[in-house]
Structure formats: structure tokens, C-alpha cells
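Visitor:
Protein chains: 2
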Amino acid sequence: MARRPPLSKGEMEVARVLWQLGQATVRQVHEAFPPGREIDFTTVQTYLRRLETKGYVKAKLEGRTLVYAPRVEPRKVIGQAVDELVDRLFGGEALPLMQHLIEEGGISDAELAKLRKLIDRLEHEEPRDAH
Amino acid sequence: MARRPPLSKGEMEVARVLWQLGQATVRQVHEAFPPGREIDFTTVQTYLRRLETKGYVKAKLEGRTLVYAPRVEPRKVIGQAVDELVDRLFGGEALPLMQHLIEEGGISDAELAKLRKLIDRLEHEEPRDAH
DNA sequence: CCTGAACAATGACAACTGTACGTGACGGAT
DNA sequence: ATCCGTCACGTACAGTTGTCATTGTTCAGG
């Protein structure tokens, strides 16, 4: 895979919206932004353009409008970002981050239950370190 | 508390080392960097200076050397960074991040067990949303 | 006392990031 | 056919970040 420059915060934000939409024009991405988050139309435009030059999305001219579509799996990018955060803030250990999330972050009881299920499932599915 | 400008990646890296050391000179911080991570002495110096002007650390002149010490709780800063990541990558939901960590990140069986204990403990201690 | 090695502090700078302005093209109303 | 509003595009720009070169200062040996 081509070595892509990392995403900045703003770029990540826009990429996330595009992932949700699957494919969209600048306007659609702009409108799909969460209500609280005010951002200029042209700013979104710039981010999308940069995402394209960085190779994260592809743009197709449809009529007279560019339609953007993702080009990389969200999992990949997100995973990368998470890994980096884990490295920088927790010395590469995932568990402390978990602990932080559980203890400090607002995790509801329902979510805790889900979490427990996740763990159960994983323990059954993958008893050994595959890969 | 004073509103502090956010920490950049590099600043965070240096801050982490300083937290571990508790208190240190530039040289000590520089030497305490993980082996793989090559970084210039003066770069560390610059980061520490910026951390000071940003209010995250305090510097005390000891002899003719500045000794830096943390000024804010790691938990605070880390929490902030984590929150931001959760916002930007997971729409503010902590659970998906957990899921990602469990499924993709390298979590060992032992860690899974610890995690389960954490959950148990939390469920018992705090049956209701006590904020 | 003079000199230079060792080390600290500051200044500088290119690249990147976040944000927006000005310019031009299209389509409907006159 | 012309004018006007809407929309998209490229360009621009100031602030931040990552990195280092240069300058200043102290101490040991001659």
C-alpha cells in the first residue's frame, strides 16, 4: 500500500463524515456535519481536496460537481490513529486506555454489558493468538 | 483552571516522559526517551520550553540548569486527548473504541481477564449513574 | 589567566494545518 | 439574450508544529 501522509484532525473529521455517507459532494458532506460543529463550506471543500491529494479519497466529476468517495477502509485509518494515541499516551499498552475509558469516560451500564459480551465472544472465538 | 492551549503530538510525547520522571532537566528527559525514538537534544529543549509557556510544566533554575516539573495531572491531559479522539473518530461513543481495541488491538488473554475484573468491580461499586 | 570542550538557551525556519476570500460558471427569471 | 443568485473551484494566508543551527556560558587543564 502506498505510504500516505497522516491525517490531521480536521481531515479526519471530514473523512469520518464521508465514510458515513459512502459517497458525497462537498455540499452533502458539509450538511452532514453534526449540528453543533460549525464549519465553513469552503473549509470542507479544502479538506476533501487535501484528502484526495493525500490519496485517502477519490473524486469523480459528475456533471459539474465533484463527487467524493472513500478510497481506504475506515478501520485502517482509525486503527492507525488509535495505535498512535496508545503509543503516545499509554506507552503502547491498550489496557490502560481501556481502564481510563471505563473509569473516567461515561460508560453506561448497558454499554458495560455489551462490553462484557464482546469479551466473552472474543475469548471463545479466538483462544490463541491468530495472525 | 486556566485555559491551556492543547498539546501537540510532540509536546505530549515529551510531557509523558516528564511525568514518568517526575522532575528532570532537559538532558534527563532526552536520555529517558525510548531507544527507538531518535530526537535531537535541542528539540526536546524546545518542547519543554513550549510546555512551560503553555502552562503545562514549571521550570525552576537550579544552579545554572533549568529543572522542569509537571504542573498538571496526567489524567487531565490524557483524558482530554482521549475525549477528543473519541469525538473525532467515534462520534463521541466510547464503546466503539473499546470494541476496536478488543478486536483489532493486541489484547492478550490475561489482559482480557483484567478487563473483565475491571468491569465487575465497576458494576458493583457504582450500580447507578452517579456521574 | 587563557583556552577549549561540554553543555544549555535562544532564534530561526520550512512544512503543515485550519480557515476563508475572490473568481468564475451554470440556470432560472425578465 | 441578459441579468442575478447559487454554487464550486483554486488561491491565499496566518498560526502552529517539528526540527535544528547558532550563540552564550561554565568548568577543567595548561
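First to last, the sequence lines map onto chains A and B. First residue of the first sequence? That's 1 in the numbering used here, and the numbers climb one at a time after it. First residue of the second sequence? That's 1001 in the numbering used here, and the numbers climb one at a time after it. Just so you know, even glycine gets a beta-carbon here, dropped at the ideal spot from N, CA and C.
(1) Quick one: complete alpha helix (DSSP H) runs, 4+ long, within the region 1080 to 1107 of chain B?
(2) According to DSSP, is P74 (chain A) part of a helix, a strand, or is it coil?
(3) State the Cα-Cα distance for the pair V1044 (chain B) and R1050 (chain B), rounded to the nearest angstrom.
(4) What does the Cβ neighbour count give for L1048 (chain B), buried or exposed, with the cut at 16 atoms within 10 Å?
(5) For the alpha helix (DSSP H) holding A15 (chain A), just list the boundary residues, first then last.
(6) The ligand ADP and P70 (chain A): does any heavy atom of the ligand fall closer than 7 angstroms to the residue's C-beta?
(7) Identify each residue in the region 1111 to 1124 of chain B for which the Cβ-Cβ distance to at least one residue of chain A is less than 8 angstroms, and report them in chain order.
(8) Between the alpha carbons of A1113 (chain B) and K1058 (chain B), how many angstroms are there, rounded?
(9) From the beta carbon of V14 (chain A), is the nearest beta carbon of chain B less than 8 angstroms away?
(10) Between the C-alpha atoms of T1065 (chain B) and E1104 (chain B), what's the straight-line distance to the nearest angstrom?
(11) Residue range of the alpha helix (DSSP H) that E1031 (chain B) falls in?
(12) Between the C-alpha atoms of H100 (chain A) and Q1020 (chain B), what's the straight-line distance to the nearest angstrom?
(13) I'd like the list of long-range same chain contacts for D129 (chain A), defined as Cβ closer than 8 angstroms, with 5 residues on each side in sequence excluded.
(14) Return helix, strand or coil for E1062 (chain B), following the three-state DSSP convention.
(15) Looking only at C-alpha atoms, which of A:D109, A:V82 and A:A110 sits nearest to I1102 (chain B)?
(16) Going by CA-CA distance only, name the one from B:R1121, B:M1012 and B:I1119 that's closest to Y1056 (chain B).
(17) Does the Cβ-Cβ distance between I1119 (chain B) and R116 (chain A) come in under 8 angstroms?
(18) How many Å lie between E111 (chain A) and M1098 (chain B) at the Cα?
Guide: Taking the coordinates as given:
(1) 1094 to 1103
(2) Taking the first sequence and counting its residues from 1, the one referred to as residue 74 (chain A) is at position 74. Reduced to three states, the DSSP call for P74 (chain A) is helix.
(3) As a position in the second sequence, residue 1044 (chain B) is number 44, starting the count at 1. As a position in the second sequence, residue 1050 (chain B) is number 50, starting the count at 1. Looking at the backbone, the Cα of V1044 (chain B) and that of R1050 (chain B) are separated by about 10 angstroms.
(4) Residue mapping note: residue 1048 (chain B) aligns to position 48 of the second sequence, counting from 1. Buried: at least 16 other Cβ atoms inside 10 Å.
(5) For the purposes of this step, residue 15 (chain A) is taken as the residue at position 15 of the first sequence. Element bounds for A15 (chain A): K9 to L21.
(6) Absent from the structure shown: the ligand ADP. Ligands present: none.
(7) E1111, L1112, K1114, L1115, R1116, L1118, I1119, L1122 and E1123
(8) As a working mapping, residue 1113 (chain B) is identified with position 113 in the second sequence. As a working mapping, residue 1058 (chain B) is identified with position 58 in the second sequence. Each residue's alpha carbon lies about 40 angstroms from the other.
(9) Residue mapping note: residue 14 (chain A) aligns to position 14 of the first sequence, counting from 1. No - not a single Cβ of chain B is within 8 angstroms of the one on V14 (chain A).
(10) Indexing the second sequence from 1 puts residue 1065 (chain B) at position 65. Indexing the second sequence from 1 puts residue 1104 (chain B) at position 104. So the two alpha carbons sit approximately 45 angstroms from each other.
(11) Sequence index remark: in the second sequence, residue 1031 (chain B) carries index 31 (1-based). Per DSSP, E1031 (chain B) is one residue of the alpha helix (DSSP H) stretching across V1026 to E1031.
(12) Reading the first sequence from its first residue, position 100 is the one you call residue 100 (chain A). Reading the second sequence from its first residue, position 20 is the one you call residue 1020 (chain B). Computed Cα separation, rounded: 18 angstroms.
(13) If you number the first sequence from 1, residue 129 (chain A) lands on position 129. Annotation note: pLDDT 47 at D129 (chain A) (below 50); position unreliable, coordinate value reported separately. Closer than 8 angstroms at Cβ, skipping near neighbours: no residue.
(14) Translated into the one-based positions of the second sequence, residue 1062 (chain B) becomes position 62. If DSSP states are grouped into helix, strand and coil, E1062 (chain B) belongs with the strands.
(15) Position 102 of the second sequence, counted from the first residue, corresponds to residue 1102 (chain B). Closest by alpha carbon: A:V82.
(16) By 1-based counting over the second sequence, the position of residue 1056 (chain B) is 56. The shortest Cα separation from Y1056 (chain B) among B:R1121, B:M1012 and B:I1119 belongs to B:M1012.
(17) Within the second sequence, numbered from 1, the residue matching residue 1119 (chain B) stands at position 119. Within the first sequence, numbered from 1, the residue matching residue 116 (chain A) stands at position 116. Taking 8 angstroms as the Cβ cut-off, I1119 (chain B) and R116 (chain A) qualify as a contacting pair.
(18) Position 111 of the first sequence holds residue 111 (chain A). Position 98 of the second sequence holds residue 1098 (chain B). Approximately 10 angstroms, taken between the alpha carbons.
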